[in-house]
Amino acid sequence: ATMPPLLAAIANAGRHGVLVKSAVVMEQLGATTQIAIDKTGTLTRGIPHLAEIRLLENTQFTYDEVLTIAASAEHPSEHPLAAAVVSAARAAELTLTPVDTFTATAGLGVTATIDGRQVQIGAPAALLTEDNGHDQAAQTAVTELQQAGATAVVVLIDSEPTAILGIVDQLRPEAPVTVQRLTQLTGTPPVLLTGDNATTAAQVAAAVGITSIHAELLPDGKVAAVRDLQAAGERVTAVGDGINDAPALAAAQAGIAMGGAGSDLTLQTADAIVVRDDLTTIPTVIALSRQVRRVVA
Ligand code: ADP
Ligand code: MG
């Protein structure tokens, strides 16, 4: 007996490194008219490294102290930026302190208490606010690091801007060709949806051939961007890796999660999972689904 074409396509997708969860999803993928794609961990490797620590003037802390405190606060986080800070502390052979309390806010950062100190680490827009008078020196360091292509992360200790971390993530080598193939398949370049800042987002977009960018999005903002595309008549396939992408993957007609370091919730929410560490599997699977549609039709 021969397998029904959609099931054969699912098996074929599996051989190419994409786990497609159902026949309905396999069909949806072929109907995609617009891709919405995440940046960090999706177009980029998601293995960022800490390239620079800018200590702010007037701080009482040394580099090693800031790195120890920041890495201790980030240690419980599953975010790739957190991993960069923790690895840098490990490489410097610093000893981390366990946190007393810890909360992570998707798309924003972390808050922890360590040895009676409150530590906040995360997005400049969230942490450089009226509360600290939009600290001018901190803002300047953020802008300089962003213009150099880094993601700037702010460290507040007891509400005081203490340091800015410059974290650098490499583009996946296959990202440009993937975007090119997706553009050919849908007739329009993917839309970039990122929680990161507009400067870094624009650099990555330019490197891969994306022209439509939505930056500094919280998870709900990614959902809103997907819904706007749908309201304009698009059939959206959303691609992402992080916990902050899960709602957008659920809102899209099809959601694809990057396996590997992808968050558990995102893997559960997704309709398909890229299990091979290769983005080109995504256009391959969409093309496979299109072939089935042609056979069935
Ligand atoms: P993306 O959508 O590109 O994958 P995220 O939504 O995961 O990016 O993160 C958006 C921003 O939130 C980051 O650029 C960073 O400023 C901040 N952020 C989130 N989690 C953390 C963390 N654990 N440590 C530091 N910054 C964080
Ligand atoms: Mg991501």
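Each residue of the sequence shown is one higher than the one before, starting from 314 at the first, in full-length UniProt numbering. Using N, Cα and C, we set each Cβ at its ideal position, and we do this for glycine too.
Next item on the list: Would you identify the three-state DSSP class for Val-539, choosing helix, strand or coil?
Entry: Taking the sequence shown and counting its residues from 1, the one referred to as residue 539 is at position 226. Helix.
Margin query: Relative to the C-alpha of Thr-496, which candidate in Val-481, Ile-480, Ala-515, Ser-525 has its C-alpha closest?
Written below: Indexing the sequence shown from 1 puts residue 496 at position 183. Checked all of Val-481, Ile-480, Ala-515, Ser-525; the closest Cα to Thr-496 is Ser-525.
Next item on the list: Pick out whichever of Ala-518, Ala-401, Pro-317 has its Cα sitting closest to the Cα of Thr-352.
Entry: In the sequence shown, residue 352 corresponds to position 39, counting from 1. Per the sequence shown, the amino acid found at residue 352 is Lys instead of Thr. Ranking the options by Cα distance to Lys-352, first place goes to Ala-518.
Notebook entry, point to check: If you draw a straight line from the alpha carbon of Thr-345 to that of Ala-528, how long is it in whole angstroms?
Noted result: In the sequence shown, residue 345 corresponds to position 32, counting from 1. In the sequence shown, residue 528 corresponds to position 215, counting from 1. Approximately 23 angstroms, taken between the alpha carbons.
Checklist line | Spatially closest choice to Thr-424 from Ile-470, Leu-320, Thr-410, Leu-368, by CA coordinates | finding: For the purposes of this step, residue 424 is identified with residue 111 of the sequence shown, where counting begins at 1. With distances taken between Cα atoms, Thr-424 lies closest to Ile-470.
Note to self: Extract the residue ranges of the beta strand (DSSP E) inside the segment 457–505, only unbroken runs of 3 or more that lie entirely within it.
What the structure shows: 464–470, 473–481
Item checked: Beta-carbon gap between Ala-563 and Leu-578 smaller than 7 angstroms -> One-based indexing of the sequence shown puts residue 563 at position 250. One-based indexing of the sequence shown puts residue 578 at position 265. Contact: no.
Next item on the list: Compute the distance between the beta-carbons of Asn-557 and Gly-420, then report whether it is under 7 angstroms.
Entry: Locating residue 557 in the sequence shown gives position 244, counting from the first residue. Locating residue 420 in the sequence shown gives position 107, counting from the first residue. Going by C-beta atoms, Asn-557 is nearer than 7 angstroms to Gly-420.
Check: Does the segment 577–594 touch the segment 483–494, meaning 3 or more C-beta pairs lie closer than 8 angstroms?
Finding: yes
Check: CA-CA distance, Val-481 and Ala-384?
Finding: Position 168 of the sequence shown, counted from the start, is the residue given in the question as residue 481. Position 71 of the sequence shown, counted from the start, is the residue given in the question as residue 384. Between Val-481 and Ala-384, the C-alpha separation is close to 16 angstroms.
Note to self: How far does the alpha helix (DSSP H) with Glu-365 in it extend, from its first residue to its last?
What the structure shows: Counted from its first residue, the sequence shown places residue 365 at position 52. Element bounds for Glu-365: not the alpha helix (DSSP H) but the beta strand (DSSP E), 362–368.
Next item on the list: Take Thr-536 and list the residues in its own chain whose beta-carbon comes closer than 7 angstroms to its own, dropping the five residues that flank it on each side.
Entry: On the sequence shown, residue 536 is found 223 positions in, with the first residue counted as 1. Before going on, a small fix: residue 536 reads as Val here, not Thr. Cβ within range, chain order: Pro-560, Ala-561, Ala-564.
Checklist line | 7 angstroms Cβ cutoff met for Ile-569 and Val-552 | finding: Here the question's residue 569 lines up with position 256 in the sequence shown. Here the question's residue 552 lines up with position 239 in the sequence shown. Yes, Cβ-Cβ distance for Ile-569 and Val-552 is below 7 angstroms.
Note to self: Tell me which residues pass a beta-carbon proximity test against the ligand MG: closer than 7 angstroms to any heavy atom, given in chain order.
What the structure shows: Asp-351, Lys-352, Thr-353, Gly-354, Thr-355, Gly-359, Gly-553, Asp-554, Gly-555, Asn-557, Asp-558
Notebook entry, point to check: Between which two residues does the beta strand (DSSP E) carrying Arg-351 extend?
Noted result: Numbered from its first residue, the sequence shown carries residue 351 at position 38. With the sequence shown as reference, residue 351 is identified as Asp, and Arg is not the correct amino acid for it. Looking at the DSSP string, the run of the beta strand (DSSP E) that includes Asp-351 is 347–351.
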